[in-house]
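Undergrad:
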Amino acid sequence: MARPKCRRDRFMRVAALTAALSAVALGGCVGGFGDGRAARRGSPPRAELSPPADVPLAVDPAPAAGAPTASPTPAASAGNRIGSGAVKVALILPLSGTGVAVGNAMRNAAQLAYDEAQQPDLTILVEDDRGSPDGARDATQDALKQGADIVLGPVFAANVQAAAVPARAAGKPVIGFSTDASVAARGVYLLSFLPQPEVDRIIDESVADGRRSFAALIPETAYGNAVEAEFREAVARKGARVAAVERYPSGAPAPAVERLARVITGSGATADALFIPETADAMPAVAAALITARYNPARVRPIGTALWNEPALFALPALQGGRFASPDRNGFSNFSGRYQARFGAVPPRVASLAYDGVMLSAALTRQYGSQRFAETTLTNPSGFAGTDGTFRFRPEGLSDRSLAVYEIRNNAATVVSPAPRVLAKPGT
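Residues 43 to 470, numbered by the numbering used here, are exactly what the sequence shown covers, in order.
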C-alpha cells in the first residue's frame with residue numbers, strides 16, 4: 043500500500059488503532075447514519091432532520107486487545123453490484139493487486155451499510171482499481187458510463203487523483219479515502235482520518251488546560267512533515283509559543299532528544315508540553331530516549347495524535363499523563379462487532395469509511411432528491427453526525443471531525459475531553 047506518492051496513506055492503517063455513520067441530520071444537513079440498532083430492532087433507521095443529541099451511540103464490546111485479525115471473508119453479495127436502486131454510486135476499491143485485503147473488507151462494509159440502511163434506493167457499482175492509478179481511472183470511467191452520480195474511493199492518494207480526472211469531466215463529486223491532504227480539491231472530498239484536525243484538537247485542549255509553551259519531537263517522515271506544519275499553525279493561532287522543534291530520522295530519536303533536553307528536562311525547562319506525533323511501532327524507542335534524558339512527563343506533558351491510540355503504548359513511563367486526540371472509540375467498536383457477526387472477521391479500521399460513504403449516500407438520497415450530491419449539500423458547515431463523531435467536508439475538499447481527548451495513565455486511556463457533538467465554525 044505504500045508507494046512514494048501516498049506514503050501517508052499508510053497512516054490510515056496505523057491510525058487504524060484509533061477509533062463508523064448512522065442517518066440523522068445535523069442542523070439542516072444529514073448526519074448520523076447507522077449504529078445498527080434500527081436494523082437489530084427491525085425498524086427502519088431514522089432519516090428525518092433532528093439534532094445530533096438525539097443520536098446516542100450504542101456501545102458494543104470491543105474485540106479483546108491483541109486479538110488476531112482474520113482475513114476478511116468474501117462479501118455477502120457476490121458480483122460487482124450491491125442493490126438495484128435508481129441512484130447509482132460508484133465504489134472504487136483495490137480488489138486485486140496492492141491493498142486487496144483492505145478492498146475486500148471495505149466492500150463487505152458497503153454491503154453491511156446497504157443492508158442496515160434497509161435497502162435504500164441505491165445501486166452501488168463496485169469497481170476494482172487494481173491498486174493502481176491507471177486502474178482507478180479505468181474503474182471510474184466504467185462506473186460513470188453506467189450512470190454513477192458520485193464516486194466513493196479510491197483508497198490510495200495517487201488513485202484518488204487519477205479517479206478525479208474523469209469524475210471532474212463528468213461533473214460528479216469524489217469522496218476519497220486517502221489520508222493525503224494534498225489530493226483534496228473542490229469536488230474531491232476526503233472522508234478519512236486526517237492528521238491535521240487531530241493536531242488542532244490536542245493543541246486547543248492543551249492551551250485551554252493552561253499549556254502555553256510547546257516543544258516537539260517530529261520524525262522525518264511524510265506524516266511528520268504534514269503534522270509539523272499544522273502544529274506550528276495551531277500553536278500560533280492559539281497565541282501560544284513554540285519553544286523548540288527537533289526532527290529525527292526514523293528509529294534514531296536519541297540525538298534529537300539530547301538536543302531538546304534543555305527545554306524539556308530539569309528545573310530550567312521552558313516548555314510545558316511536548317508534541318510527539320509518532321507511530322505505535324516507533325514510539326517505544328522515543329520513550330526510552332526520553333527516560334534516559336531524565337524527562338519527566340508530570341512536568342512537561344507529552345501530547346500526540348490518534349497514532350497513540352494503541353494499548354501497547356499505555357504502559358510506557360514517558361507517556362504517563364500524556365494526552366492525544368482521537369475519534370471516540372465507541373463508534374468503531376460498535377461497527378466492528380456487527381461486522382464480525384456478519385462476516386466472521388475483525389475489520390481493518392478503514393473498512394468503516396466505506397460503510398460511512400454508503401450510509402451518507404443513502405441518507406442524502408432520501409432527503410435531498412436531485413440536490414443529494416450537490417456541492418452545497420455535501421459542504422453544509424453544520425456537517426454530519428456519524429458513529430465516529432460529527433464531521434464535515436470543507437469546500438476545498440478537506441474534512442473536519444469532532445474528536446475526543448484521551449489521557450494515558452495506569453495502562454489505560456480515558457476520555458478527559460469528550461468529542462463535541464457540534465463542530466466549531468470553520469477557521470476558529
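Glycine is no exception: its CB is placed at the ideal position from the N, C-alpha and C atoms.
Computed from a predicted model, the values in this text were never measured in an experiment.
Taking the straight line between their C-alpha atoms, what separation do you get for E169 and G218?
TA: 14 Å
Undergrad: Per DSSP, which one or two residues make a beta bridge with P261?
TA: Y290
Undergrad: Excluding the 5 residues flanking V447 on each side, which residues of the same chain have their C-beta closer than 6 Å to its C-beta?
TA: E247, R365, A367, V458, S459
Undergrad: Which same chain residues end up closer than 8 Å to A340 when comparing Cβ atoms and leaving out the 5 residues on each side of it in sequence?
TA: Q362, G363
Undergrad: Which word fits T312, buried or exposed, when buried means at least 16 other C-beta atoms lie within 10 angstroms of its C-beta?
TA: exposed
Undergrad: Within the same chain, show all residues whose beta-carbon is closer than 7 Å to that of L302, passing over the 5 residues directly before and after it, in chain order.
TA: A257, L259, A286, E288
Undergrad: What does E169 pair with, by DSSP beta-bridge criteria?
TA: I134
Undergrad: Is V277 closer than 7 Å to D314 when the C-beta atoms are compared?
TA: no
Undergrad: If we count Cβ pairs, one from each stretch, closer than 8 Å, do we get three or more for the segment 267 to 282 versus the segment 399 to 414?
TA: no
Undergrad: State the start and end residues of the unbroken beta strand (DSSP E) segment that holds G346.
TA: The continuous beta strand (DSSP E) containing G346 extends over residues 343 to 346.
Undergrad: T429: which of A128, S126, R443, F435 sits nearest, CA to CA?
TA: R443
Undergrad: Under DSSP, the alpha helix (DSSP H) around L186 begins and ends at which residues?
TA: 175 to 187
Undergrad: Give the C-beta separation of I166 and A152 to the nearest angstrom, bearing in mind that I take them to be a contact with Cβ-Cβ under 8 Å.
TA: At roughly 6 Å, the Cβ-Cβ gap stays under 8 Å, so I166 and A152 are in contact.
Undergrad: Which runs of the beta strand (DSSP E) fall wholly inside the segment 370 to 452 and span at least 3 residues, in chain order?
TA: 426 to 428, 431 to 435, 441 to 443, 446 to 451
Undergrad: My understanding is that V129 touches D163, with C-beta atoms under 8 Å, so please give their C-beta distance in whole angstroms.
TA: 6 Å
Undergrad: Nearest-angstrom Cα distance between N338 and R279?
TA: Approximately 27 Å, taken between the alpha carbons.
Undergrad: Would you check if there are 3 or more beta carbon pairs closer than 8 Å linking the segment 186 to 193 to the segment 209 to 216?
TA: yes
Undergrad: Mind checking whether E262 and P291 have CB atoms under 7 Å apart?
TA: A contact, by the Cβ cut-off of 7 Å.
Undergrad: Could you tell me which residues DSSP puts in a beta bridge with R123?
TA: DSSP output for R123 lists L167 as bridge partner(s).
Undergrad: Rounded to whole angstroms, what is the Cα-Cα separation between M325 and A227?
TA: 33 Å
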